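Asks:
In UniProt numbering, the protein residues as written are 1 to 644.
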């Protein structure tokens, strides 16, 4: 303060007098101007001195506060260090430490699942949809494996019954998380100590009892249904007429993300089957015939002979399929948005013994061949779009069964399948000629790539960059000369059409072994099939069967012919599918009936089962006809079956 006053040119006498009167920074900060003028006569000196005093007071308070905080923090740290260093502090507790409470619990959490044995398929976990899933339970640490197994039976077989059957129909044991069987004498605590797992996972493993029909007497047949999970009755040819028809039910839960749906309606069939997403079960089968001792066949074992029969040679499974086709029909419910996955899921079952009928969800169409043709056509359209460009086929055995059923029942065959591939399926790889490989490959690639190859073979001008891109796409690292181009193309075609799809080829060939060779004894018959089914404008027009009687009806059929002639290949296949349910020619004719309708109600109606087309005869001119038909075929709803 004294230095500040001297800096303001205050005389020493005034400074000494203020000091004698005890006027310091603290006092000045509380004085006003009038009080301070008793010492400092100038008004400005009074204001400056008061401001300086208040500023200094604030700085002193701040420094004091920081010092106190630092001192307090230091003291607290020192106290903590002293407490840590004093070991005797831990022995002054009134109550001893409890330790790890979780380690001393008498109940432990255990997750229990259900593994069921499916013959050669091995063990699979049963999902919650079918009464399985993973159950979390509290178990006493002294509980034995037998106690835990009993708990598992109560969980998965409430009241002794589950969706898989009764508890008495299975053998049980308990397995650890690796699937190894556990000894009945082990306790839960022993298992925890050996595995050191935080949460223990155990499995109830079930295996169905093996039963065979072995000379049931009439009383047993009246009171007990034969278990077809281990048998398949093979009726004699003379007894087929005595089989009484029951009900068929096929159910697979629907989920857009992971599960597949397969619904089944009631129809005139002799089986009562239940299909699940994780297994294929046959619940019951009823036969009423005069033969009391029918031979039985086990699908997982060699042929077994029943009592009272000598050993005989059974006909192949394909003959049995044909024998039962007329007496058993399954109706499958499909979603158009999930059709490929649903059909693959159904055709995983190797024993397709029934004639199939299809129905689409939220559509009224009744299947008298038309809906089936549409289902097969929709499957192959989706398949070629999603899976058929050099990728590994999904479920190739199922694809092979779909191929067989579509052709055998409805003469539907997907001609987009490379001829070289199908010839290799039917007659083996050695039956595919180099020329056939080349022709199939030229249809496999795009038109621009085909033009480049043909230009190289002719020796005309071509874009070398396009050729290099094409060769690099198929991992060919050699630029061929004109004379070598043909052999290089054959090698690439063999790699793409045969080698890369070898797994799918062998699987599909195994499914249809002995079936395709009957209809296609040589390669020429296969090429004839492709030519017969391929829709061309003259062949489609020839299918139309109409009898116009009026001028208007003649005009309408003429508009339809003109509209067909203006279609390209893809548009023609779409029109054919709209008319018959199939995008290839697999019907003999399309009947046409003329109807009279006007305005917004002027729409053609299609009965694909006939097939029959109800064609309006009220079109004023061809532009109106073309506009309405183009709009109708471009609509997504045009393929829906809405007529019962």
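Built from N, CA and C at the ideal position, the CB exists for glycine as well. This one's a predicted model, so the numbers in the text were calculated from it and none came from an experiment.
#1: My parser needs the alpha helix (DSSP H) runs of 4 or more residues fully inside the stretch 500-532; what are they?
#2: Which value, in whole angstroms, describes the spacing of the CA atoms of residue 550 and residue 587?
#3: Along the chain, where does the alpha helix (DSSP H) that runs through residue 6 open and close?
#4: For the alpha helix (DSSP H) that contains residue 25, what are its first and last residues?
#5: Just verifying my parser: in three-state terms, what is the DSSP assignment at residue 13?
#6: Alpha carbon to alpha carbon, what distance is there between residue 628 and residue 471?
#7: Answer yes if the stretch 424-434 comes into contact with the stretch 454-473, meaning at least three C-beta pairs across the two stretches below 8 Å, and no otherwise.
#8: Across the stretch 136-147 and the stretch 164-171, are there enough close Cβ pairs to call them in contact, namely three or more that are closer than 8 Å?
#9: Provide the residue(s) that pair with residue 108 in DSSP beta bridges, ordered along the chain.
#10: Locate the beta strand (DSSP E) running through residue 593, then write down its first and last residues.
#11: Which residues does DSSP pair with residue 616 in a beta bridge?
#12: At what residue ranges does the stretch 426-495 contain a whole run of the alpha helix (DSSP H), taking only runs of 4 or more?
#13: How many Å lie between residue 565 and residue 559 at the Cα?
#14: Which stretch, first to last residue, makes up the alpha helix (DSSP H) that contains residue 534?
#15: Check this for me: beta carbons of residue 175 and residue 145, under 7 Å apart or not?
#16: Specify the secondary structure class of residue 165 as computed by DSSP and reduced to three states.
#17: Flag this pair as touching only if the stretch 588-608 and the stretch 515-535 have three or more C-beta atom pairs under 8 Å; answer yes or no.
#18: What is the residue span of the beta strand (DSSP E) that residue 634 lies within?
#19: Grouping DSSP H, G and I as helix and E and B as strand, with all else coil, what is residue 412?
#20: Should residue 582 go down as buried or exposed, given a rule of 16 or more other Cβ atoms within 10 Å for buried?
#21: Whole angstroms are fine: how far does the CA of residue 452 sit from the CA of residue 523?
#22: Could you compute how far the alpha carbon of residue 108 sits from the alpha carbon of residue 405?
#23: Do residue 535 and residue 606 count as a contact pair if the criterion is CB distance below 7 Å?
#24: Please check the pair residue 577 and residue 424, which I expect to be a contact at CB under 8 Å, by giving their CB distance rounded to whole angstroms.
#25: Short of 6 Å in beta carbon distance, which residues of its chain neighbour residue 625, apart from the five on each side in sequence? Order them along the chain.
#26: Closest to residue 589 by CA distance: which of 540, 563 and 45 is it?
#27: Decide if residue 197 is buried, meaning its Cβ has at least 16 other Cβ atoms within 10 Å, or exposed.
#28: I'd like to know whether the C-beta atoms of residue 440 and residue 505 end up nearer to each other than 7 Å.
#29: Excluding sequence positions up to five away, which residues of its chain have a Cβ less than 7 Å from the Cβ of residue 2?
#30: When DSSP labels each residue in this structure, what does residue 568 get in the three-state scheme?
#31: So, is residue 473 buried or exposed, given that buried needs 16 or more other C-beta atoms within 10 angstroms?
#32: Helix, strand or coil for residue 545 per DSSP?
#33: Pairs of beta-carbons, one from the stretch 49-65 and one from the stretch 18-29, closer than 8 Å: are there three or more?
#34: Quick check on the burial criterion: 16 or more other C-beta atoms within 10 angstroms. Buried or exposed for residue 18?
#35: Should residue 644 go down as buried or exposed, given a rule of 16 or more other Cβ atoms within 10 Å for buried?
#36: What's the call for residue 228, buried or exposed, on a 16-neighbour Cβ count within 10 Å?
Replies: So, from the listed chains and residues:
#1: Within the stretch 500-532, the complete alpha helix (DSSP H) runs of at least 4 residues are 502-511 and 516-519.
#2: Approximately 27 Å between the Cα atoms of the pair.
#3: In this chain, the alpha helix (DSSP H) harbouring residue 6 covers 2-7.
#4: Residue 25: member of the alpha helix (DSSP H) spanning 25-28, first to last residue.
#5: In the displayed model, residue 13 falls within a helix according to three-state DSSP.
#6: Taking the straight line from one Cα to the other gives about 45 Å.
#7: The stretch 454-473 is not in contact with the stretch 424-434.
#8: Segments in contact, no.
#9: Per DSSP, the beta bridge partners of residue 108 are 139.
#10: Under the DSSP assignment, residue 593 falls in the beta strand (DSSP E) whose first and last residues are 590-595.
#11: Answer is 595, bridged to residue 616.
#12: Counting whole runs of 4 or more residues, the stretch 426-495 contains the alpha helix (DSSP H) stretches 434-444, 447-458, 464-473 and 485-494.
#13: Answer to the nearest angstrom: the Cα atoms are 10 Å apart.
#14: It is not in any alpha helix (DSSP H) - residue 534 carries neither H nor E in the DSSP assignment.
#15: For residue 175 and residue 145, no; Cβs fall outside 7 Å.
#16: Residue 165: strand per DSSP, three-state reduction.
#17: The stretch 588-608 and the stretch 515-535 do not touch, with fewer than 3 CB-CB distances between them shorter than 8 Å.
#18: Per DSSP, residue 634 belongs to no beta strand (DSSP E); it is in the alpha helix (DSSP H), 622-634.
#19: If DSSP states are grouped into helix, strand and coil, residue 412 belongs with coil.
#20: Around the Cβ of residue 582, a 10 Å sphere holds 16 or more other Cβ atoms; the residue is buried.
#21: About 29 Å.
#22: About 54 Å.
#23: Contact: no.
#24: For residue 577 against residue 424, the beta-carbon gap comes to about 28 Å, at or over 8 Å, which does not count as contact.
#25: Close CB contacts of residue 625 within its chain, under the 6 Å cut and outside five residues either way in sequence, are with 559 and 619 (chain order).
#26: Closest by C-alpha distance to residue 589, out of 540, 563 and 45, is 540.
#27: Classification of residue 197: exposed, given that the 10 Å Cβ count is below 16.
#28: Not a contact, by the Cβ cut-off of 7 Å.
#29: Taking residue 2 as the centre and dropping the five residues before and after it, the same chain places the C-beta of 15 closer than 7 Å to its C-beta, in chain order.
#30: In this structure, residue 568 counts as coil in the three-state DSSP scheme.
#31: Exposed, because fewer than 16 other Cβ atoms sit within 10 Å of the Cβ of residue 473.
#32: Strand, per DSSP.
#33: Contact between the stretch 49-65 and the stretch 18-29 is present, because at least three Cβ pairs lie under 8 Å.
#34: The residue in question, residue 18, is buried, as its Cβ has 16 or more Cβ neighbours within 10 Å.
#35: With a pLDDT of 44 at residue 644, under the threshold of 50, the modelled position of this residue cannot be trusted; read the value that follows with caution. Residue 644 should be labelled exposed.
#36: Here residue 228 scores only 33 on pLDDT, less than 50, and its place in the model should not be relied on; the value that follows carries that caveat. With a 10 Å radius around the Cβ and a threshold of 16 neighbouring Cβ atoms, residue 228 comes out buried.
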